[in-house]
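Colleague:
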Amino acid sequence: QKEVEQDPGPLSVPEGAIVSLNCTYSNSAFQYFMWYRQYSRKGPELLMYTYSSGNKEDGRFTAQVDKSSKYISLFIRDSQPSDSATYLCAMSAGTGANNLFFGTGTRLTVIP
Amino acid sequence: KAGVTQTPRYLIKTRGQQVTLSCSPISGHRSVSWYQQTPGQGLQFLFEYFSETQRNKGNFPGRFSGRQFSNSRSEMNVSTLELGDSALYLCASRTGITYNEQFFGPGTRLTVL
C-alpha cells in the first residue's frame, strides 16, 4: 500500500466551478501537509502548507486536513483556465527530505 | 532572487551510458534534494545534501549517486543507464529544515533509448 493515494484524474471542469482535489494517507504520524501545482514542463510550485489539522485559506484556495480520517483536500473556488495543471499532495512526519511522500498528482483542466 | 536552475533541461542517452545532471540552488539555500518523477510512481526521493554532506538517501540502487559542492551546487550521476531510468529529475532547494520554503527547479527530462 502506498503511503499517499491520490486520484490521478484527469478532471475537467468549466471555468468558474469549484474544484475539489483529495488525497488519503495511511501513516498517522504525518503532520506536515502540502499541495503543489505543476504546470507542463515545469517543476512543482508550493501552493499551500499546513501543519497538523485544520483549514487554511489563501485567496481562491482552501486546504483542509482531517487527521482522524487521514484525508486532505484542496478546494479551488472560481476556477480559471490558468489553474489547469497537475496538483500534487505531499506530506511528512518529520522534516527530513526522506520523510516527504508525494501523491502521483491529479491533472486538472479548466475549460473556458 | 533567481530560482533553482537545472541543466541540461533535456537529455537523450542509450542504455549502458552514464549521465550527470546539475542543480544550482537558490542563493543562500544549503539543502538540495533530488527526486525522480514518473507517471506511474510520482515523485520519489533520491537523496538530500546539506553543506556538502549527504543527509538522507532514498531507496534507489547504487547506480544513482550525488554530491554537493562548497557553493551548494549539486550534481547527480546515474551510471549504467536502464530504460526504466527515463524520467523527469527534479531538484529542490531549501534553507534548512522546513518545507514551506522548498523550491523546485524545472527538472531535467532524461530519455533512455
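Residue numbers (the working numbering), protein chains in the order written: chain A, 1 to 112; chain D, 1001 to 1113.
Quick reminder that beta carbons are idealized off the backbone N, C-alpha and C, glycines included.
Computed from a prediction, not measured in an experiment: that's the story for all the values here.
(1) Which of the three DSSP states is assigned to D:ALA1002 in this structure?
(2) From the DSSP secondary-structure annotation, give me the bridge partner or partners of A:SER20.
(3) Compare the C-beta of D:PRO1106 against all C-beta atoms of chain A and say whether one is closer than 9 angstroms.
(4) Select from the segment 48-62 of chain A all residues with a C-beta closer than 7 angstroms to any C-beta belonging to chain D, and list them in chain order.
(5) Measure from the C-beta of D:GLU1052 to each C-beta in chain A and report whether the shortest distance is under 9 angstroms.
(6) Mapping the DSSP letters down to three states, classify D:ASN1056 as helix, strand or coil.
(7) When we look at the beta-carbon of D:ARG1063 and count the other beta-carbons within 10 Å, is it buried (16 or more) or exposed?
(8) 9 angstroms is my cut-off, CB to CB: does A:LEU108 come that close to chain D?
(9) Run down chain D in chain order and give the residues with a C-beta less than 7 angstroms from the C-beta of A:TYR32.
(10) On the three-state DSSP scale, how would you describe D:GLY1084?
(11) In the DSSP output, which residue or residues are listed as bridge partners for A:ARG41?
(12) Under 7 angstroms between beta-carbons, which chain A residues line up against D:GLN1102? List them in chain order, please.
(13) Could you tell me which of D:CYS1023, D:GLN1037, D:SER1033 sits nearest to D:PHE1047, measuring between CA atoms?
(14) According to DSSP, is A:ALA93 helix, strand or coil?
(15) Give me the chain D residues within the contact set of A:GLY9, using Cβ-Cβ distance strictly less than 7 angstroms, ordered along the chain.
(16) Just the chain D side, please: which residues come within less than 7 angstroms of A:LYS42 by C-beta, in chain order?
(17) Compare the C-alpha of A:LEU46 against each of A:THR95, A:CYS89, A:PRO112, A:VAL19 and name the closest.
(18) Less than 9 angstroms between the beta carbons of D:LEU1090 and D:GLY1066, yes or no?
(19) Please state whether DSSP places D:SER1027 in a helix, a strand or coil.
(20) Please check if any C-beta of chain A sits within less than 9 angstroms of the C-beta of D:GLY1058.
(21) Report the residue from A:ALA29, A:GLU3, A:TYR25 whose alpha carbon sits nearest the alpha carbon of A:SER73.
Modeller: According to the structure shown:
(1) The residue given as residue 1002 of chain D occupies position 2 in the second sequence. Correct three-state label for D:ALA1002: coil.
(2) In the first sequence, the residue the question calls residue 20 of chain A occupies position 20. Paired residue(s): A:PHE75.
(3) By 1-based counting over the second sequence, the position of residue 1106 of chain D is 106. Chain A, which has a Cβ nearer than 9 angstroms to the Cβ of D:PRO1106, makes this yes.
(4) The segment 48-62 of chain A vs chain D, Cβ under 7 angstroms: TYR49.
(5) Working through the second sequence from its first residue, we reach residue 1052 of chain D at position 52. D:GLU1052 is outside the set of residues whose beta carbon lies under 9 angstroms from a beta carbon in chain A.
(6) Mapped onto the second sequence, residue 1056 of chain D falls at position 56. Residue state, collapsed to three classes: strand.
(7) For the purposes of this step, residue 1063 of chain D is taken as the residue at position 63 of the second sequence. The residue is exposed, with fewer than 16 neighbouring Cβ atoms inside 10 Å.
(8) The count along the first sequence starts at 1 and reaches residue 108 of chain A at position 108. Chain D contact via Cβ: absent.
(9) On the first sequence, residue 32 of chain A is found 32 positions in, with the first residue counted as 1. What A:TYR32 touches in chain D: TYR1099.
(10) Within the second sequence, numbered from 1, the residue matching residue 1084 of chain D stands at position 84. Looking at D:GLY1084 - three-state DSSP - the assignment turns out to be helix.
(11) Counting from one through the first sequence, the residue named residue 41 of chain A turns up at place 41. In the DSSP output, where bridge partners are listed per residue, A:ARG41 has none listed.
(12) Residue numbering aside, residue 1102 of chain D sits at position 102 when the second sequence is read from its first letter. Neighbourhood of D:GLN1102 in chain A, by CB distance below 7 angstroms: LEU46, in chain order.
(13) Position 47 of the second sequence, counting from 1, holds the residue named residue 1047 of chain D. For D:PHE1047, the nearest C-alpha among the options comes from D:SER1033.
(14) Sequence index remark: in the first sequence, residue 93 of chain A carries index 93 (1-based). Per DSSP, reduced to three states, the secondary structure at A:ALA93 is coil, with no helix or strand assignment.
(15) As a position in the first sequence, residue 9 of chain A is number 9, starting the count at 1. Within chain D, no residue comes near A:GLY9; the closest Cβ sits about 12 angstroms away, beyond 7 angstroms.
(16) Reading the first sequence from its first residue, position 42 is the one you call residue 42 of chain A. Against chain D, the beta carbon of A:LYS42 has neighbours under 7 angstroms at PRO1106, listed in chain order.
(17) Residue 46 of chain A sits at position 46 when you count from the first residue of the first sequence. In terms of Cα proximity to A:LEU46, the closest of A:THR95, A:CYS89, A:PRO112, A:VAL19 is A:CYS89.
(18) Here residue 1090 of chain D corresponds to residue number 90 of the second sequence, with the count starting at 1. Here residue 1066 of chain D corresponds to residue number 66 of the second sequence, with the count starting at 1. Against a cut-off of 9 angstroms, the Cβ pair of D:GLY1066 and D:LEU1090 comes out as no contact.
(19) One-based indexing of the second sequence puts residue 1027 of chain D at position 27. Coil.
(20) Within the second sequence, residue 1058 of chain D is the residue found at index 58, counting from 1. Interface with chain A (9 angstroms Cβ-Cβ cutoff): D:GLY1058 is included.
(21) The residue given as residue 73 of chain A occupies position 73 in the first sequence. Comparing alpha-carbon positions, the option among A:ALA29, A:GLU3, A:TYR25 lying closest to A:SER73 turns out to be A:TYR25.
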